[in-house]
Amino acid sequence: MSEAGRTRTIRTDYLARVEGEGAMFVKLDGDEVLDVKLRIYEPPRFFEALLRGRAFTEAPDITSRICGICPVAYQMSAVRAMEDACGVAIDDGPIRDLRRLIYCAEWIESHSLHVYMLHAPDFLGYSGAVEMARDHREIVEQGLAMKKAGNALLALVGGREVHPINIRVGGFYRAPTRAELHTMTEPLERARETALATVRWAATLTFPDVEREPELVALCDPGAYPVDRGRIVSDGGMDIAPAQFDEHVAEEHVEHSNALHARLRHGGTYLTGPLARYALSGGELWPLAREAAREAGLERVCHNPFKSILVRGVELVQACDEALAIIAAYEQPDAPAVEVEPRRAVGHGATEAPRGLLYHRYEIDEDGTILDAKIVPPTSQNQLAIEEDLRAVVQHHLDLPDEQLTLRCEQAIRNHDPCISCATHFLSLEIDRG
Amino acid sequence: MAETSLQQRRASVVVIGVGNALRHDDAVGLEVARRLRERAGAEGIEVLEQEGEAIALLDMWEQADAVVLVDAARSGSAPGTIHRVDATFEPVPAQLLGSSSTHAVGIDEAIELARALGRLPARVVVYGVEGRRFEAGIGLSEEIEAVAGWLADSVLREARALVDWSEGSKKCMS
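Note that the protein sequences, when read in sequence, are chains D and U. Okay, so the first sequence: first residue is 580 according to the working numbering, each after it adds one. Okay, so the second sequence: first residue is 545 according to the working numbering, each after it adds one.
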């Protein structure tokens, strides 16, 4: 092949089906991948600045605005961090159960959206959910019905579907009654059935043969699948309290991105999210979810990022199952919240957003004014791992024509459900076969 | 009985402001919804705000005969330009809203998804307001602020006309 024949450039200006937008650049020289860059334009620094000088009680509502898909995750990391600062721990009882319940609702909502509307079209060969819906109406309706159950539960506990207004430092403004929660039993039972069907269906998909082994990092909460609390643990032997996050994770400025790239100080690239949670806490899944994983052929650790769709399916089963159990056992608390008195301190909060570990740190003064805030979203943490996935995927599929290679790259990015609007606004994609 | 028919009418037209409150001009749809809530509510027109991903719109307009959507646009026109698209029978042009969306699925895609699934209200009108700033931050640009009042009035007129249309089409059916 002539030199000119090897020189190709592909550019798409907009990567659909990723929350928010950013940019990706791949540079090839013949069969060699020279460079892969994922550009994220805008970290949540605006929100950190906005938080300074505000009351500690305002952090949940302000940070919930960072992401339209996972507001509860931001609220939960915020309330945990503020309670940590104020010396309050809500680790048992109905308030904690309600928190876990609303978090389950967000997982159901977010995972349904991702599995059916964003990820499934990649596997079935459609450019998006709209095209897929024309041929596979039932599949799309299934996803929408499950998502609706998550939304309804979120609206019931949170007071509103998007940016729930009922969550506060110390608990909730109002606790739902037993009767209110029981209206969700039937929809959630149907959602659980759909989730099981989702795993069975996802197991029939064809997965590219790609194996990746970044260090896997997730919360571990012995006795539970990690959602709302825990130590930060890795398969490389890290086991730290959320307060030690900064000692172990370095955020670096990189030239091609305004965002900070997170890296483990002792190792380097790491991955958070469903694959990490499943690898580190798969043993904590309840029998129904565990059996679904086994039937789907998932091994104890899944190294293929394309199979994250299966793990999300398994987590959907788990979230529905747990939500039903919490509702069945629920007793309305006497008070919907505990009083939290501010004091001068630094607090840390880490929870599992649907797309991975979400860390908040706040410094507050004695009257509760926020002096400093730091927010590290899962997508910032996963950026390096996504770049390395892209490098592997491109290397593996060099023979594909540019158009298909571009689609494969988009799919590789979507494997990790990046919530890029947490950090950015545009994603364009460019392959340079210079 | 008269009250029942009024109730039915109340559910027939919904106005939805879409956007992100903390991304400057992307908030214009929400701002219009806020300006309209009381005025339109008094006339039985439901006004909603949608800040998250757009698939949720399918549930929000589920009961409606007609929907008016208001969102920010980024098509290259001058900031403050107002685009009106009747999406009842054809898609919203992709370049109008798509690239400005911070949502996982844009409202243009939500409309097409609903169309494919037979879940689109009988009438769909989209107002896109050309924005200038979409980065994180609070407050509309001057050009956007300047047209917000006029836009709110236009959206209300449109919603009223759709209520009349909805009433009329129900009479024809009965």
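Even for Gly, the Cβ is constructed at its ideal location relative to N, Cα and C.
Report task. Following the continuous beta strand (DSSP E) through I954/D, name the residue where it begins and the one where it ends. Result -> I949 to V955
Query raised in the report: Taking Cβ positions only, does G681/U come closer than 8 Å to chain D?
Result: yes
Report task. Reducing DSSP to helix, strand and coil, say where R530/U ends up. Result -> Only positions 545 to 718 of chain U appear in the structure, and residue 530/U is not among them; the question remains open.
Query raised in the report: Is E600/D helix, strand or coil by DSSP?
Result: With a pLDDT of 49 at E600/D, under the threshold of 50, the predicted position of this residue should be treated as unreliable, though the coordinate-derived value follows. Correct three-state label for E600/D: coil.
**Report entry** E687/U in three-state terms, based on DSSP
**Finding:** helix
Query - Buried or exposed by the 16-neighbour rule on C-beta atoms within 10 Å, applied to W694/U - result: exposed
Query raised in the report: Do H882/D and E792/D have their C-beta atoms within less than 8 Å of each other?
Result: yes
Query raised in the report: Would you call the stretch 798 to 807 of chain D and the stretch 748 to 760 of chain D touching, i.e. three or more CB-CB distances under 8 Å?
Result: no
Report task. Give me the Cα-Cα distance between A822/D and R659/D, rounded to the nearest whole angstrom. Result -> 12 Å
**Report entry** Cutoff 8 Å: D1011/D Cβ touching any chain U Cβ
**Finding:** no
Query raised in the report: When the distance is taken between beta carbons, is A608/U closer than 8 Å to V576/U?
Result: no
Requested in this report: Taking all protein chains shown into account, decide if I560/U is buried (16 or more other Cβ within 10 angstroms of its Cβ) or exposed.
Outcome: buried
Requested in this report: Check Q594/U in the structure and name its three-state DSSP category.
Outcome: strand
**Report entry** Alpha-carbon to alpha-carbon, V636/U and P623/U
**Finding:** 19 Å
Query raised in the report: Three-state secondary structure (DSSP) at A924/D?
Result: strand
Requested in this report: For T773/D, name the three-state secondary structure that DSSP assigns.
Outcome: helix
Report task. Consult DSSP for C899/D and reduce its assignment to one of helix, strand or coil. Result -> helix
Query raised in the report: Do the CB positions of A829/D and L936/D come within less than 8 Å of each other?
Result: no
Query raised in the report: Taking the C-alpha atoms as reference points, what is the distance between A872/D and A858/D?
Result: 12 Å
**Report entry** Endpoints, alpha helix (DSSP H) assigned at S860/D
**Finding:** P853 to S860
Query raised in the report: Which term fits D996/D, buried or exposed, when burial requires 16 or more other beta carbons within 10 angstroms of its beta carbon?
Result: buried
Requested in this report: Below 8 Å CB to CB, which residues in the same chain sit around Q721/D once its five sequence neighbours on both sides are set aside?
Outcome: Y695, T773, A776 and T777
Query raised in the report: Taking all protein chains shown into account, do 16 or more other C-beta atoms lie within 10 angstroms of the C-beta of K715/U, making it buried, or fewer, making it exposed?
Result: exposed
Query raised in the report: Would A916/D pass as a contact of R747/D if the rule is Cβ separation under 8 Å?
Result: yes
Query raised in the report: Assuming E831/D contacts G815/D under a Cβ cut-off of 8 Å, what Cβ separation, rounded to an integer in Å, is found between them?
Result: Going by Cβ atoms, the distance from E831/D to G815/D rounds to 19 Å, so no, they are not a contact pair.
Query raised in the report: the stretch 641 to 659 of chain D: which residues have C-beta closer than 7 Å to a C-beta of chain U, in chain order?
Result: R644, G647 and I648
**Report entry** Touching by the beta-carbon criterion (3+ pairs, under 8 Å), the stretch 666 to 677 of chain D and the stretch 954 to 973 of chain D
**Finding:** no
Requested in this report: Could you name the residues of the same chain whose beta carbon sits closer than 8 Å to that of A660/U, not counting the 5 residues immediately before and after it, in chain order?
Outcome: none
Query raised in the report: Using a beta-carbon distance below 8 Å, is V719/D in contact with chain B?
Result: Chain labels in this structure do not include chain B; the protein chains are D and U.
Query - Counterpart residues of A634/D in DSSP-defined beta bridges - result: T948/D
Requested in this report: Write down the C-beta distance between G926/D and A634/D rounded to the nearest angstrom, noting that I regard them as a contact closer than 8 Å.
Outcome: Their Cβ separation, rounded to whole angstroms, is 14 Å, which puts G926/D and A634/D out of contact at 8 Å.
Query raised in the report: Given a threshold of 16 other Cβ atoms within 10 Å of its Cβ, counted over all protein chains shown, does D907/D qualify as buried or as exposed?
Result: It should be pointed out that residue 907/D corresponds to Ala in this sequence rather than to Asp. By the 10 Å Cβ count, A907/D comes out exposed.
Report task. Label N994/D either buried or exposed according to how many other C-beta atoms from any shown protein chain fall within 10 Å of its C-beta, with 16 as the threshold for buried. Result -> buried
Query raised in the report: In whole angstroms, what is the alpha-carbon distance linking A658/U and R667/U?
Result: 12 Å
Query - Euclidean distance between Cα positions of M580/D and A598/U - result: Since pLDDT at M580/D reaches only 35, below the 50 mark, its modelled position is unreliable, and the value read off the structure follows with that caveat. Those two C-alpha atoms are separated by around 47 Å.
Query raised in the report: Which two residues bound the contiguous beta strand (DSSP E) that contains L691/D?
Result: The displayed chain sequence assigns Ser, not Leu, to residue 691/D. No beta strand (DSSP E) holds S691/D; the alpha helix (DSSP H) holding it covers G672 to S691.
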